[in-house]
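Per my numbering: the sequence shown = residues 42 to 595.
The beta-carbon is built from N, C-alpha and C at its ideal position, and this holds for glycine as well.
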Amino acid sequence: MELKFHFFPAAFPDETLHSVLSRYARLCGGHSRKAAFAGDRAAISYTQNVAFPCRLDDLVRSLPPGTDLSVSKIISCHTVLPYYAPFLTDDQMQHARTSMSGDGKWLMLKLGVNASRIEGVSRIRFCPACLNEDVDRVGAAYWHRVHQLPGVLVCPHHGDALRMVDPSWYSRNSWQLHLPDDAEVQAHSHQVSAGLEAFPVLHQIALRSMQLLTLDLNPLSPVAVQACLLHRAAALGLTQSKSQRLDLGRLAEHMAGVFNALPAAWEYSVLAESPAHLPATWVTKLLRKPRHTHHPLKYVVLAIALEVDLVWLSRSATLSMPTVTRALPISAGYSRPKFSDDLLEGLEGLTAGVFKLALSGSEARQISAVLGVSQVFVYRTIRGVDGGSQAWREARFVSELHRRRTAFEVEYGCLQAHQCKDYMWLYRCDRAWLSGYIARHGGIHTSRADNTDTFAVLDEKLADQIRSCAQTLRVRAGKPVLISRTRIGRELQALSRFEKQLHKLPLCATALEQACESIEEFHARRLRWARAKLVNEQRSVNRSALYRTACIRP
Ligand SMILES: [Zn+2]
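Here it is, written out as structure tokens:
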């Protein structure tokens, strides 16, 4: 049966979608997803408290007429996707929007967000002061988007430490829809503890993150952002004066200064990890090679460390990227088609205007926009002059060539030639220039630092933690839980390491193999526990009571 809402609460400013739906569930009389959403299958997807809820099309279709919520409004105002937008590509953003409307397929993979361990250590949070104000102002407590952004540990509005919900309690109750003023949430949350010295930086991070979330910025060119960050690093003396190459020692010291002020836990424990006397790998990656997607928090922290205004940076970066070039390239062996000056002679008024722009390589839509004429008029005018079409075609080619060469020159500073966007086009159409440029500038590419030692140290440390975590789980009071790779990974906040880097961590792989139990072993342990519990409660011990108590099927 398809779900239809008979009423729906109005969404509050900065409220997460999960929060609106939790308030709906509360108005239906509880926090059970099953009761409120009548077991609707799509509801599992859009009610979850995750960064990117999906099946939004299904949700919007179920809303009562007159509800002021479209898929696009939900995504922009009630999810955290806008926070990621400046650091994704147009394609990734397009895919994310389509995927969130639909079944969410490949969403995390395409966004590259699951590749970031930052998400894994992030927590559900709320601000007690905001909660009280919300109750006074709108009559209900709700989850704010900004408090859920990774690395936001203090409230951007109040500057107070947020409260953090205990992740193991939350994951045990993830099928329920809670609100921050629920007694259970209050009982299973604690205030973020951070030293006094951390507050100014944390507040700055919260404010910058909120700006990213609310300013609705477009995707940025990673190359342009990198250029701005590197420029600032040079101004702060963190590069070698002549070559502009990073001075890794000084950069490491500078970043250590920033992380010393921050708590050594949660997102910041991941970000602060670095090889001895070197900056963290992500820092050098952002300053050197802008490829792949990087988490916004990394940009926020680095921008603060280098005193760069991210919003200003995002605007100027958009503007300074080579987009459509109207000026005619003079250099580079290509000149204006020789008969173009003759063409211009004798033309007057609008026709001359059209030709001037056409011969500078402008497209029809640009010419029509500048002169306020229709595109049909542009085409007709150019065709009407002898040799006009050919001159225009050549001018546009030269203009494109110039644009692609410039973009390649910028990107080649940080990427391998074949990774640059315009490499294939230039290879096909402008091979002589391309080979010449690469031959002249090939020396700027350096090899990556070896990080084998870092993994060896980590391997040993993490393997110890795996063993003691498994031991703790085994002796923990109450109903036994399955000791699995996933469980240990979650407890140690190392799940994505286990998924991606286990081949580099042989000690951890062995420790996991020894520590994890099979389903049979787990069932046997649960049944032993159930027997002891029944005996202890002086109830009769039979087969069905044993399995029921153990919560397993015979
Ligand atoms: Zn607050």
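Asked                                                                                          : Found
Reference H544; option with closest CA among L68, L499 and H564                                : L499
Closest Cα partner of A181 within the set I116, P263, A573 and E56                             : E56
Contact belief for A276 with L328 at Cβ below 8 Å, rounded distance in angstroms               : Actually they do not touch by this definition, with Cβ atoms about 13 Å apart.
Sheet register partners of T280 (DSSP bridge)                                                  : L287
Supposed close pair L243, V187 - CB separation, criterion 8 Å                                  : Incorrect: roughly 13 Å between the Cβ atoms, too far for contact.
Unbroken beta strand (DSSP E) run spanning P206, endpoints                                     : Looking at the sequence provided, one finds Val at residue 206 rather than Pro. Looking at the DSSP string, the run of the beta strand (DSSP E) that includes V206 is R204 to V206.
heavy atom of ligand 1 below 7 Å from D109 C-beta                                              : no
H198 Cβ short of 7 Å to ligand 1 heavy atom set                                                : yes
Distance cut-off 7 Å: C168 Cβ against heavy atoms of ligand 1                                  : yes
Cβ neighbour criterion (16 or more within 10 Å) applied to K339                                : buried
Endpoints, alpha helix (DSSP H) assigned at H244                                               : A239 to T255
Own chain, CB closer than 7 Å to L343, minus 5 neighbours either side, in chain order          : L270, V324 and L327
Check: C470 C-beta below 7 Å from any heavy atom of ligand 1                                   : no
Proximity winner among K330, L279 and L220, relative to Q267 (alpha-carbon distances)          : K330
Whole-angstrom C-beta distance between E578 and L548, which should lie under 8 Å               : At roughly 43 Å, the Cβ-Cβ gap does not stay under 8 Å, so L548 and E578 are not in contact.
Given 8 Å, three or more beta-carbon pairs between the stretch 163-171 and the stretch 133-148 : no
Q217 (DSSP reduced to helix, strand or coil)                                                   : strand
DSSP-derived helix/strand/coil call for H59                                                    : helix
Nearest candidate by alpha-carbon position, reference F240, set A202, A552, L256 and A265      : A202
Collapsed DSSP secondary structure at F167 in the structure displayed                          : strand
Contact set for T422: own chain, Cβ-Cβ below 7 Å, skip 5 residues either direction             : T392 and V395
Proximity of V179 and F53 at Cβ, strictly below 8 Å                                            : yes
Of the residues F418, A458 and C470, the one placed nearest F438, counting alpha carbons only  : C470
Between the CA atoms of I529 and L536 - distance to the nearest angstrom                       : 8 Å
Residue span of the alpha helix (DSSP H) that contains H335, given as start and end            : Segment: none, H335 is in no alpha helix (DSSP H) and carries neither H nor E.
Beta carbon of L400 nearer than 8 Å to that of A432                                            : yes
S86 - DSSP class collapsed to helix/strand/coil                                                : helix
Q416 (DSSP reduced to helix, strand or coil)                                                   : helix
Segment limits, alpha helix (DSSP H) that includes H136                                        : D131 to S142
Inter-residue spacing [alpha-carbon to alpha-carbon] between L58 and H119                      : 5 Å
Reference R444, options H459, T495, W466 and R424, closest by Cα                               : W466
Rounded distance between the beta-carbons of S310 and A293, thought under 8 Å                  : Not confirmed; about 17 Å, so no contact.
Buried or exposed by the 16-neighbour rule on C-beta atoms within 10 Å, applied to S60         : buried
Between the CA atoms of H336 and G298 - distance to the nearest angstrom                       : 21 Å
Test: L553 CB closer than 8 Å to a CB of chain D                                               : Of the protein chains in this structure there is only one, and it is not chain D.
CB of L523 within 8 Å of CB of I507, strictly                                                  : no
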